[in-house]
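S.K.: First, the structure itself, so that you have it in front of you.
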Amino acid sequence: MDVHPRTSRRRVLQFGAAALPLAALGSTALPASLARTASAAETGTLRMPAETDRHVRTYMAWPALSSVWETGLGAVRRDIAEVAHAISRYEPVVVLARPGQVAEARYQCGQGAYYGIQVIDIPNDDLWIRDFGPTFVVAPGAIAGVDTNFNGWGKAGTAYAQPFAHDAAAARTLLAEYEVNRIRAGFVGEGGSLETDGEGTLLATVSSMVNANRNPGMSQDRVEQAMKAALGIDKVIWVPGLAGQDITDCHIDCLARFISPGRVILDRPGPGVDKRWVAVYEETKRALQSATDAHGRRLAITELPGPDRREIRGRGEEFLSSYTNYYTANGAVIAPQFGDGPADGVARAILQAAYPGHRVEQLAIDGIASGGGGIHCATQSHPALPLAV
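If you count by mature numbering (1 follows the signal peptide of the UniProt record, and there is no 0), then the sequence shown holds residues -40 to -1, 1 to 349, one letter each, in order.
Structure follows, in structure tokens:
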């Protein structure tokens, strides 16, 4: 069995010309019940950074289970390798894989990479590392990883249920591997349910966070306080979302994303989309139009129209045709394309205008999208350590 050994801290420092120094140690876990009366910036609290901040690397995960993907497993693995190849042209990529699958993952991911893609033997169940991996928080001279207590999206006992024991342990294992301190959040959630501007404002859906399948008995205010404490957030902008219509209960990262502080991209459903999701878009737009961020700014909204569901390659109710589920790497935006040529082109142009300092690359990810997720769902960034002041 060809299993790549765990990489030492020294070898990680040598990995890839663009790799940045490893995270500093010594961060302090914040109690979920902490009452926050001053901003994170004022107190020096660890804070969730913007995805556009510099990364050390990107984490991904090799889909492990044929029982989940059935005949689509080969296609989704090819998509994961293609996404890893694209990102590796801008920053190092580390892929988690089960020990018995490391050799195959290394073979598929090792082709077409610029910096090189490292595969490490950390057991996992599925590819959605955005949700089960650590969410990083930083401050000048310090970094930690928040474990959001992944519970399989609260879907035990439902038609969406799938194995998640390895995924639930992966955040702890990955943080130990890279010697980053772990904060255990005072709530249950997923990284895809957390979208920040890096300046203390968080977007989240009520449907995915204030839900008895994650946080039973917790009020919206209590969930909000726990999120603020763990992530260094000053203000949460809540949008309603929609529970029960997909495995995530409507994650924010398929719906609305921060371009930069005060600027948001909003997913606008294209022709052929279920009317329930059109209503979600309309409710979200109203919520964002009436909101202010942690600094009192009104939000400038850029709409990102989705493709025509009748023109895309993918089929099925679960197929995620959202351009909004893109990933920002160092100097690049890695976004999907779905086969509706005009809509794909419009999405590329909008994203390029929104991120003028980045190169937009579009990939066909029909295998991943068939599982209800996208490129953002399949990636997690490890931010660079901010300089001490």
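The C-beta atom is built at its ideal place from N, Cα and C for all residues, glycine as well.
The beta strand (DSSP E) with residue 351 in it runs from where to where?
M.R.: The shown model of the chain, from -40 to 349, leaves out residue 351, and the question about it has no answer.
S.K.: Quick one: Cα of V240 to Cα of Y287, how far?
M.R.: Roughly 22 angstroms between the two C-alpha positions.
S.K.: Is there contact between the stretch 208 to 219 and the stretch 126 to 143, where contact requires at least three CB pairs shorter than 8 angstroms?
M.R.: Result no; under three Cβ-Cβ pairs closer than 8 angstroms.
S.K.: Does the Cβ of E139 have 16 or more other Cβ atoms within 10 Å, making it buried, or fewer, making it exposed?
M.R.: Per the 10 Å Cβ criterion, exposed.
S.K.: According to DSSP, is P296 helix, strand or coil?
M.R.: Here P296 sits in strand by DSSP.
S.K.: Report yes if the C-beta distance between P9 and V106 is below 8 angstroms; otherwise report no.
M.R.: Not closer than 8 angstroms, so no.
S.K.: Taking only three categories from DSSP, how would you classify G105?
M.R.: It is a strand residue.
S.K.: In whole angstroms, give me the CA-to-CA distance for T244 and G60.
M.R.: Computed Cα separation, rounded: 43 angstroms.
S.K.: By DSSP's criteria, A21 is part of a beta bridge. Which residues make up the other side?
M.R.: Its beta-bridge partners are L56.
S.K.: Are there 16 or more other CB atoms within 10 angstroms of the CB of L347, so buried, or fewer, so exposed?
M.R.: Looking at its Cβ environment, which holds fewer than 16 other Cβ atoms inside 10 Å, L347 is exposed.
S.K.: When burial is assigned at 16 or more other CB atoms within 10 Å of the CB, is V238 buried or exposed?
M.R.: Classification of V238: exposed, given that the 10 Å Cβ count is below 16.
S.K.: Below 8 angstroms, how does it come out for the stretch 324 to 344 and the stretch 274 to 283: are there three or more Cβ pairs, yes or no?
M.R.: Judged by Cβ distances under 8 angstroms, the stretch 324 to 344 makes contact with the stretch 274 to 283, as three or more pairs qualify.
S.K.: Sorted by chain position, which residues of the same chain lie with C-beta nearer than 8 angstroms to V320's C-beta, five sequence neighbours on each side aside?
M.R.: Correct list, in chain order: A292, V293, A295, R308, L311, Q312.
S.K.: Determine the DSSP secondary structure at P302, reduced to helix, strand or coil.
M.R.: If DSSP states are grouped into helix, strand and coil, P302 belongs with the helices.
S.K.: Which term fits Y67, buried or exposed, when burial requires 16 or more other beta carbons within 10 angstroms of its beta carbon?
M.R.: Classification of Y67: exposed, given that the 10 Å Cβ count is below 16.
S.K.: Does the beta-carbon of T108 have 16 or more other beta-carbons within 10 angstroms, so that it is buried, or is it exposed?
M.R.: T108 is buried by the Cβ-count criterion.
S.K.: How is D157 classed by DSSP in three states: helix, strand or coil?
M.R.: D157 falls in the coil class under three-state DSSP.
S.K.: Name the residue from F147, R14, E30, L264 whose alpha carbon lies nearest to the alpha carbon of A189.
M.R.: Considering only alpha carbons, the answer is F147.
S.K.: Please go through the stretch 190 to 271 and give each complete alpha helix (DSSP H) segment of 4 or more residues, from N-terminal end onward.
M.R.: Runs of the alpha helix (DSSP H) inside the stretch 190 to 271: 235 to 250.
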